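In short: position in the sequence shown from 1, add 2, done, that's our numbering.
Everything on this sheet refers to the single structure shown next.
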Amino acid sequence: MKIYFREFFILIISFFTFQLFSANAAQPGVWNAGGTVFTMLYPEDSATFKKVQMQEEKIYIQLYKGYTIVKGWYKMKNITSEYLNFKMGYPVNGIYYGGDSFLNEVKLDSLNRFQIKTDGQFLPVLKQKISDNTTEVMRGLGGNWLSWNIDFKPHQTRLVEVYFIVKTNDAKLTKGYNKNNYNAFIYLLESGNVWKNPINNGLFYIELKDDLTENDIKGLSKGFNFKWNSTKNILYGFKNNFIPTPKDNLVITYFKNQENFNYPEILKKENLLFQNIEQFSKVVEYQKFNEKAKEKNPYEISESILSSIISIIFVGILLSPYFIIGIIFIVTIIWLFKYLKKKKSRNNN
């Protein structure tokens, strides 16, 4: 009987090894996406949480082949009679967990050429590493942040504007053993839950550049009521009176990865690119959006024949211990039955 127990132990170890490997290999998510998170920053500033309301935000996005230009406009109000001073910030990069109905990991690529204005005045940007003593809001995000100091007088309303460039060319979507290489941009609205809720209005404008068309959009988040201006190649979406959750995050997948993409060369054009998005932000609200945009799940990816075969093989490997254990169990029962039968026969003799 010892040999059966030894084989059984080996099979159990193999089973958990395959379970672990399978879980890691099948991890769904969007990786190396251009994206951002806007939130309060330091644990010592936690006393100011919920004392500032983001009354309105407008996000202007220009999608290019391989990169995206973003302008964020935020109207924020101190709803208390206290004087507040704290840091706001964006992570340079990081990994975010959540978003779809299944477990999802989103790896954000670096922000570049970041600029910040408050009430029309540019502020100095502090780039520094944050301590490990992070709050729940910061959990999972990168340790390097772009931050700035801001203060609010009692009941004061301030306007915050940010500009940055993100690389979208290296993104990939994974689900199971399938993978698609697209451009991807993510705006994580969930970070807005640190402010006094709700956010009264959120407006989102997405312009397709570089001769991109609606057909180049592979996926677009639901819940924004996106409408389309086919003449200008612009999408418009909105949210009203909302408390942001992972379901509110904006995810866009589009076009395809380009080999030998020269991102450093793009960054040399930052002045022109920022001028373009500034002009875009001033005129886009006067456009008309009459056509309903096509809803496409940004997490959906096509399955290749090869990946399907690989999935079947791994499922077979995963289930094989059950069959082997079952066979061993049956063989053991048969052997035990014969053994007891022989023993009974000898005792009768």
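Every residue, glycine too, gets a C-beta built ideally from N, C-alpha and C.
Given the structure is predicted, the values throughout are model-derived calculations rather than measurements.
In the DSSP secondary-structure assignment, F240 is bridged to L205. Membership of F282 in the alpha helix (DSSP H) is indicated by the continuous run E272 to V285.
Three or more pairs of CB atoms, one per stretch, sit closer than 8 Å, so the segment 221 to 232 contacts the segment 289 to 300. For Y265, the uninterrupted alpha helix (DSSP H) run begins and ends at Y265 to L269, by DSSP. Here K211 is not near Y62, since their CB atoms are 9 Å or more apart.
Taking 9 Å as the cut-off, the Cβ atoms of T70 and F206 do not count as close. If you check the CB distance, G74 and E163 come in under 9 Å. When the beta-carbon positions are compared, I236 and E280 stay at least 9 Å from each other.
K284 and K229 do not touch by the CB rule: their CB atoms are close to 20 Å apart, not below 8 Å. Under the three-state reduction of DSSP output, K344 falls in the helix class. When DSSP states are grouped into helix, strand and coil, W337 belongs to the helix group. Per DSSP, L113 is one residue of the beta strand (DSSP E) stretching across L113 to T120.
A49 is classed as exposed because its beta carbon has fewer than 16 other beta carbons within 10 Å across all chains shown. For P93, the enclosing beta strand (DSSP E) starts and ends at L86 to P93. Per the DSSP secondary-structure output, S149 pairs in a beta bridge with G91 and L128. When DSSP states are grouped into helix, strand and coil, A35 belongs to the strand group. Only residues of its own chain outside the window of five on either side were considered, and among them R115 have a CB closer than 6 Å to the CB of E272, listed in chain order. Your pair L269 and I118 does not check out as a contact, with CB atoms roughly 18 Å apart and the cut at 8 Å. Rounded to whole angstroms, the separation of the alpha carbons of K77 and K181 is 39 Å. The three-state secondary structure of L214, taken from DSSP, is coil. Going by C-alpha positions, D47 is about 16 Å away from I81.
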